[in-house]
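Order-wise, the sequence lines are chains B and Y.
Note that our numbering numbers the first sequence so that position 425 is 425, with each residue one more than the last.
Note that our numbering numbers the second sequence so that position 219 is 881, with each residue one more than the last.
Just so it is clear, CB atoms sit at the ideal spot from N, CA and C, and this is done for glycine as well.
One structure is given here, and the rest of the page talks about it.
2 protein chains.
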Amino acid sequence: MTKEQLYKIHFLPSGREVEIKGGESLIKAARAAGIHINASCGGAGVCGKCRVIMAEGEVAGGRSDKLTEEEYQAGYRQACIATISGHATVTVPEISGLKKGGLSTAVPIRHRASMHRFDIQDLREAGIFVPPVVKLFLELPTPSNLDNMADAGRIILGLSNQYDERRIITSLPILRKIRKTLREDNFRVTVTLARPVNSKTKTHLINIQPGNWTARNFGLAFDIGTTTVYGLLLDLNSGKVLARQGDYNGQLSYGEDVISRIIHAEQPEGLAQMQELVVKSINFIIDRLLESAKPPEGKKKGKIKRDEISSITLAGNTTMTHLLMGLEPDNIRRAPYVPVTTFVPPLRAADLNIKLPDHTVALLYPSISSYVGGDIVAGVMGSGMYRTDKVTLYVDIGTNAEIVIGNRDWLACAACSAGPAFEGGGITHGMRAADGAIEDFSLNPATLEPMNITIGNLQPVGICGSGLLVIVATLFENNVIDQSGKFNRQLATQRIRPGRSGHEYVLAWKAESGTNSDIVINEVDIDNFIRAKAAIYAGVKTLVEVVGLAIGDLEQIILAGAFGSYIDLDSAMTIGLLPEVAADKVLYVGNGSLLGSWMSELSNHIRQDVVDVVHRMTSFELSEVPDFKDQYIASLFLPHTDISLFPETGKRLVARQISAPP
Amino acid sequence: MTKEQLYKIHFLPSGREVEIKGGESLIKAARAAGIHINASCGGAGVCGKCRVIMAEGEVAGGRSDKLTEEEYQAGYRQACIATISGHATVTVPEISGLKKGGLSTAVPIRHRASMHRFDIQDLREAGIFVPPVVKLFLELPTPSNLDNMADAGRIILGLSNQYDERRIITSLPILRKIRKTLREDNFRVTVTLARPVNSKTKTHLINIQPGNWTARNFGLAFDIGTTTVYGLLLDLNSGKVLARQGDYNGQLSYGEDVISRIIHAEQPEGLAQMQELVVKSINFIIDRLLESAKPPEGKKKGKIKRDEISSITLAGNTTMTHLLMGLEPDNIRRAPYVPVTTFVPPLRAADLNIKLPDHTVALLYPSISSYVGGDIVAGVMGSGMYRTDKVTLYVDIGTNAEIVIGNRDWLACAACSAGPAFEGGGITHGMRAADGAIEDFSLNPATLEPMNITIGNLQPVGICGSGLLVIVATLFENNVIDQSGKFNRQLATQRIRPGRSGHEYVLAWKAESGTNSDIVINEVDIDNFIRAKAAIYAGVKTLVEVVGLAIGDLEQIILAGAFGSYIDLDSAMTIGLLPEVAADKVLYVGNGSLLGSWMSELSNHIRQDVVDVVHRMTSFELSEVPDFKDQYIASLFLPHTDISLFPETGKRLVARQISAPP
């Protein structure tokens, strides 16, 4: 048995099989088979989330202290540190794998609060519903001895005469097809124009079709998230959403956070691989958007064809944007955190290997800095924050929290690293918001018995970010944990017990759980959670103060992002994640990044505003603000060391302390 | 012997061999072997210029009335109508093949008159020596915690701070290499900027190199002629010409004039083939320019590398420009003669398959119409005609003659089809200006014996255009032919004799010639020549009158083009090809097209002026001017029916008639 030998690895339940050299890691075999295995730590063997079960055969290694002896004996292995040593059959548990087939909706559907959304009506009312890429119909005079102007000049003159469109430029591929196209329907043609951001520069004539096809002009809006990719198919005439689709970002098997992706991109071929993976996800979504879209009605009806897509707008964080463009992200993770670029010129989608026709324009949202990306800029645009008079706080909470404060007159932003707690990282039974995750929770104050609500109403398998927030707030409100997050050891319940990581509370016994073990939350988990919320609150407070305001000056809070969209507001204020404001001052925008892409795909005016917003947004590096560290330490308490910042919670706290048992 | 069988055809003197199917034409076999055979008529079998000699084996056919029985017996065959029927060895005579290895100079060297040329000194004096593509050196601050601007933004800010360069845009390939390049020499970089024609639009950042390479910035200027292609390698810092090279246009084996080329381009794959052939010629010349250029001296010395070429400017007639770009030229030859485009956006040279690095910009001269092309616009620019106060006539004479009249305030142009007489076409012993061509001629007035001066001082093999002009003028001045071009049958010389095409004059007897036959000029030749000169003179007169002037208002004549550069001025006025003006009012610019490319390669200001010139140039379709036909008929006389237009020639004519024998 030499390492050079090839072995067959069979994966269950998918039934896929690959042949791979001995000595390669099992996770690499899974990738080769197109199977995603959750590897939060990027394959370093420390998160223990990539566990699989040996059904037949054996692998070498595959065990760290993340696996108990019992689990190891039961056949569990950590795929990222297991190496191939023979033919084998491996079961990938649902909890490790990603549900294949994509996410079905672009905006979270299990949302509890009212959703604010810009929509096409807003654009119409503002008179700015004019997409960056439009189709215009021209009926041109046929050439004669007295008018033998060139074909291209005839079109340009027609655009000027009929639509007052000037400063047109075109390209070689269009010039190569102009002659035949003009003559196919007797000089009646539809031209596609891509407008510039700056009205002084040129408008690009990007396509020409015989006859009148103005009724069929379609666009795409994409959010390229670190975890998920979402896309909308839009009718650029009506502004209507014709289809929405989502899927996990194909880069996910190389780690859950941007740092793991950057590290991989630094490997030989790594950047090309990362680029390919995200484009594969985009292409998969485009295929499904085209399949699922209802064909438009009217004179020019019928299924939407790929070459009827004129433009695609994409927004993502700075790392995602770099990887999509194939730009080296290396310095994003190294002080002083210098990205390659923040602005992106209009590109050809095909140059990014996006499976769209040669003429399709790709418009990428600009970033502000390495950690305030195009997704946040898009959120600022899509939420309308940059057009309001109110002093607004925009927060997008994920592994990193990005904060923007300002209004129509000024804007300031900062990023703070909250750590992965809100996405289930660093939490013993933390997990992403997937089937079986505890997403809501309540407590019987008398018995201290829990009620878990899980996604899909399944047996609980873990805790997702929004569940964690509610659990901590509820435990706190019921005096089960104190202001520093420690369990009240005097409570008469079996649910609280000492554990390896301080005391813990059993959310679900082994028998009730979907994992064949107790689901718990322990003091280390709570501590991690408090650090995460403290980082965000301290970031908000520091940024507010650095611009000369106080928390009380905030007139509006906009919540965005995967976590921000699911957040329970009372809980968030109770534990001091968000400043305490009246509930009616809080707006949820859901996927702000997608919303912004969508809006600027429909409005060149908004696209022009983006440039303006990026130029006047002041970016602060929190680590460079002397006060930030103190703010952070002061926030490592539920809700905060300065209770006067949370008057309502403070009142309840006082009442509780009076009524609490000694 | 079936037609499907393959036969070996061996070509002498090159020694090349091809295998080709039976039934294919011999000229196709030659093309497949990479051997050019002169085929003026485009392969129709009517010009008889593609003659080759069978050395071994035989072909089928290959004979029209262009070959005498004697020639046929000697092994002569017409390659375009001969088909392969077995293995064969074929000698391609020098007179049929094109001298391989290219033409050695960019501007004709056998020029008789003073040459007018714009030069770098003119540009410097006018303060417009600023090339469209420049290199600038940036010393940028290194990033720090307090200045962590993106790499691309840092460059853009540096350009603004150090050079006041604004409105910069770049592309994906540059963004992909920016990070590494900046750090290779500690944020000291050289950027290459391509300036826009219109200062309001964007400047493109097309390349970035580590360190200071501003001293090495090179450009190319090309004339893409129907017959020949010429190129210059320029130092964009000093403006110096570092090398000049020329070669025949590789399309030549598909016919000598633009119409043959268009016809071929209309065949399946024909356009791609034509594009490929001209690009092959360009690439061949670039190779030789790089090989032959003297390496620059100074700090940054060494051989010029291909990737140091920042830009290439090309000018050609409308058909050549279409074929180079791969645009369908079909309508150029069909009324109402509509080209695909007259303006050409800046292109990437690599997109035309020109073997230059990806960043090299290709700037193509715009045309005016189907028959007034970029070569003429370039000539107007290069000659400085558009900047003069004098009413100027610019004439480029070839198969088509293009005429421009005007000055700094106004410009009008027209094309007239002169036919191929000036390039040796339609003339029994006509040939291109190549070795053995009679290019000058004189006559002993007493004996009527000729003295032929040939190119290369070889035995005469034919008559080139400039020779023809002198011959006709000399025969006319000596009363050997009359005003209608007919021979004086009373003259006592053996040199004049009846022939198949009217009377003829024997320029060289078989024994003195290099072709083993008499070289003659006959009445049909002279008639063809008179028609050609009449078309041009009528064109000039019509255009002058259509703008409200008279011939006498012309203050300056600029002669350009292959024929225009060699023209004997006295002869041209004697026979009524050009208006009679004082010799010091005539300027020769040589290859006006190359000159214009060269000038705008060195001056973005001139490139901007081009747009202006094209917009204000009024183009006239002579066939649409009612007077033109009458003008033409009136010009079918030596020098003209209205002798008052040629007072000097008129005087000599009267004197001669008085002294002439009855």
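Would you kindly work out how many angstroms separate the C-alpha atoms of Y:Ile870 and Y:Leu837, rounded to a whole number?
The residue labelled residue 870 of chain Y in the question sits at position 208 within the second sequence. The residue labelled residue 837 of chain Y in the question sits at position 175 within the second sequence. C-alpha separation (whole angstroms): 10 Å.
Work out the CA separation of Y:Ser676 and B:Leu364 for me, nearest whole Å.
Residue mapping note: residue 364 of chain B aligns to position 364 of the first sequence, counting from 1. Residue mapping note: residue 676 of chain Y aligns to position 14 of the second sequence, counting from 1. When rounded, the distance between both Cα atoms is 57 Å.
So if DSSP puts Y:Lys797 in a beta bridge, which residue, or which two residues, is it bridged to?
The residue given as residue 797 of chain Y occupies position 135 in the second sequence. Per DSSP, Y:Thr854.
Under 8 Å by Cβ, that's how I've got Y:Gly737 and Y:Leu688 pegged, so tell me the actual separation to the nearest angstrom.
Walking along the second sequence from the start, residue 737 of chain Y turns up at place 75. Walking along the second sequence from the start, residue 688 of chain Y turns up at place 26. About 13 Å separates the two Cβ atoms, so there is no contact after all.
How big is the Cα-Cα spacing for Y:Val721 and Y:Asn979?
Against the second sequence, residue 721 of chain Y aligns to sequence position 59. Against the second sequence, residue 979 of chain Y aligns to sequence position 317. When rounded, the distance between both Cα atoms is 38 Å.
Pull the bridge partners of B:Arg663 from the DSSP assignment, please.
Outside the modelled stretch of chain B, which goes from 1 to 662, sits residue 663 of chain B, for which no answer is possible.
Under 9 Å, CB to CB, which of the residues in the segment 1282-1311 of chain Y have a partner in chain B?
For the segment 1282-1311 of chain Y, which is checked against every Cβ of chain B, the residues closer than 9 Å are Glu1283, Ser1285 and Glu1286.
Apply the 10 Å Cβ neighbour rule to Y:Gln1152 and answer buried if 16 or more other Cβ atoms are within range, or exposed otherwise.
Stepping through the second sequence from its first residue, residue 1152 of chain Y is reached at position 490. Exposed is the call here.
Got a sec: which bits of the segment 953-986 of chain Y sit with their beta carbon under 8 Å from any beta carbon on chain B, in order along the chain?
Against chain B - using a Cβ distance shorter than 8 Å - the segment 953-986 of chain Y contributes no residues.
When the cut-off is 9 Å and only beta carbons count, does B:Met149 lie next to chain Y?
What you label residue 149 of chain B is simply residue 149 of the first sequence in a count that begins at 1. Yes, contact with chain Y.
Taking all protein chains shown into account, do 16 or more other C-beta atoms lie within 10 angstroms of the C-beta of B:Ile496, making it buried, or fewer, making it exposed?
The residue you call residue 496 of chain B lines up with position 496 of the first sequence. Classification for B:Ile496: buried.
Could you run through the segment 1020-1053 of chain Y and flag, in chain order, every residue whose CB is less than 9 Å away from some CB of chain B?
Listed in sequence order: Ser1029, Ser1031 and Ser1032.
Look up Y:Glu953 in the DSSP assignment and say whether it is helix, strand or coil.
As a position in the second sequence, residue 953 of chain Y is number 291, starting the count at 1. Helix.
May I have the straight-line CA-CA distance separating B:Tyr337 from B:Ala550, to the nearest angstrom?
By one-based count along the first sequence, residue 337 of chain B stands at place 337. By one-based count along the first sequence, residue 550 of chain B stands at place 550. Each residue's alpha carbon lies about 29 Å from the other.
DSSP three-state call for Y:Ala1063: helix, strand or coil?
Here residue 1063 of chain Y refers to the residue found at position 401 when the second sequence is read from its first residue. Correct three-state label for Y:Ala1063: strand.
Quick one: measure Cβ to Cβ for B:Gly436 and B:Gly514, integer angstroms, because I've assumed they're closer than 8 Å.
On the first sequence, position 436 is the one that residue 436 of chain B refers to. On the first sequence, position 514 is the one that residue 514 of chain B refers to. Between B:Gly514 and B:Gly436 the Cβ distance is about 5 Å, and since that is below 8 Å, they are a contact.
Nearest CA to the CA of B:Arg334: which residue from Y:Ile1305, Y:Asn1150 and Y:Ala812?
Counting from one through the first sequence, the residue named residue 334 of chain B turns up at place 334. Nearest C-alpha to B:Arg334: Y:Ala812.
Which value, in whole angstroms, describes the spacing of the CA atoms of B:Val372 and B:Ile285?
For the purposes of this step, residue 372 of chain B is taken as the residue at position 372 of the first sequence. For the purposes of this step, residue 285 of chain B is taken as the residue at position 285 of the first sequence. So the alpha carbons of these two residues sit roughly 25 Å apart.
Could you give the uninterrupted runs of the alpha helix (DSSP H) lying entirely in the segment 1217-1246 of chain Y, keeping only those of 4 residues or more?
Those alpha helix (DSSP H) runs which fall completely within the segment 1217-1246 of chain Y and span 4+ residues are 1223-1226 and 1231-1236.
Find out if the Cβ-Cβ distance for the pair Y:Ala977, Y:Ser1255 is shorter than 9 Å.
In the second sequence, the residue the question calls residue 977 of chain Y occupies position 315. In the second sequence, the residue the question calls residue 1255 of chain Y occupies position 593. Cβ distance < 9 Å, so Y:Ala977 and Y:Ser1255 count as in contact.
Under 8 Å between beta-carbons, which chain Y residues line up against B:Glu328? List them in chain order, please.
The residue given as residue 328 of chain B occupies position 328 in the first sequence. Ordered by position in chain Y, the residues that pass the 8 Å Cβ test against B:Glu328 are Arg838, Arg841 and Lys842.
Which residues of the segment 488-507 of chain B have a Cβ closer than 8 Å to any Cβ of chain Y? Give them in chain order.
Listed in sequence order: no entries.
Leaving aside the five residues before and after Y:Gln824 along the sequence, list all residues of the same chain whose C-beta is less than 7 Å from its C-beta, in chain order.
In the second sequence, residue 824 of chain Y corresponds to position 162, counting from 1. Around Y:Gln824: Leu800.
Taking its Cβ as the centre, do 16 or more other Cβ atoms sit within 10 Å of Y:Lys962, making it buried, or is it exposed?
Along the second sequence, one-based indexing puts residue 962 of chain Y at 300. The residue in question, Y:Lys962, is exposed, as its Cβ has fewer than 16 Cβ neighbours within 10 Å.
Could you work out which residue in Y:Glu679, Y:Gln913, Y:Glu970 and Y:Arg1314 is closest to Y:Val796 when comparing CA atoms only?
Taking the first residue of the second sequence as position 1, residue 796 of chain Y is located at position 134. Of Y:Glu679, Y:Gln913, Y:Glu970 and Y:Arg1314, the residue nearest in Cα terms is Y:Glu970.
Among B:Asn591, B:Ser597, B:Gly552 and B:Trp598, which has the Cα closest to the Cα of B:Leu578?
Numbered from 1 along the first sequence, position 578 holds the residue referred to as residue 578 of chain B. Comparing Cα-Cα distances from B:Leu578 to each of B:Asn591, B:Ser597, B:Gly552 and B:Trp598, the minimum goes to B:Gly552.
Ignore the nearest five residues each way along the sequence and tell me which others in Y:Glu666's own chain have a CB closer than 8 Å to its CB.
Translated into positions along the second sequence, residue 666 of chain Y becomes position 4. Correct list, in chain order: Lys683 and Gly684.
Apart from the five residues just before and just after Y:Val680, which ones in its own chain have a Cβ nearer than 7 Å to its Cβ?
For the purposes of this step, residue 680 of chain Y is taken as residue 18 along the second sequence, with counting starting at 1. If we look at Y:Val680 and ignore the five residues flanking it on each side, its Cβ neighbours are Ile671, Ala691, Ala694 and Ala695.
Listed from N- to C-terminal order along the chain, which residues in the segment 456-474 of chain B have their beta-carbon within a distance smaller than 7 Å of any beta-carbon of chain Y?
Of all residues in the segment 456-474 of chain B, none has a Cβ within less than 7 Å of some Cβ in chain Y.
Just to check, is the beta-carbon of Y:Val1248 closer than 8 Å to a non-hydrogen atom of the ligand GTP?
As presented, the structure is devoid of all ligands, the ligand GTP included, so that no description of it is given.
For Y:Ser954 versus Y:Thr1022, is the C-beta spacing smaller than 9 Å?
Indexing the second sequence from 1 puts residue 954 of chain Y at position 292. Indexing the second sequence from 1 puts residue 1022 of chain Y at position 360. Result no, Cβ atoms of Y:Ser954 and Y:Thr1022 do not sit closer than 9 Å.
Distance cutoff 9 Å, beta carbons only. Does B:Leu6 sit that close to anything in chain Y?
By one-based count along the first sequence, residue 6 of chain B stands at place 6. Not one chain Y Cβ lies under 9 Å of B:Leu6.
Go ahead and label Y:Lys711 buried or exposed: buried means 16 or more other beta carbons lie within 10 angstroms of its beta carbon, across all protein chains shown.
Counting from 1 along the second sequence, the entry for residue 711 of chain Y is found at position 49. Buried, because 16 or more other Cβ atoms sit within 10 Å of the Cβ of Y:Lys711.
Could you tell me which whole beta strand (DSSP E) segments of length 3 or greater appear in the segment 188-266 of chain B?
The qualifying runs are 188-194, 203-210, 218-224, 228-235 and 241-248.
Going along the chain, which residues of its own chain have a beta-carbon closer than 7 Å to the beta-carbon of B:Asn212, five neighbours each way excluded?
Translated into the one-based positions of the first sequence, residue 212 of chain B becomes position 212. Phe137, Arg188 and Thr190, listed in sequence order.
In this structure, how does DSSP classify Y:Phe1149 when only helix, strand and coil are distinguished?
Within the second sequence, numbered from 1, the residue matching residue 1149 of chain Y stands at position 487. Three-state result, Y:Phe1149: strand.
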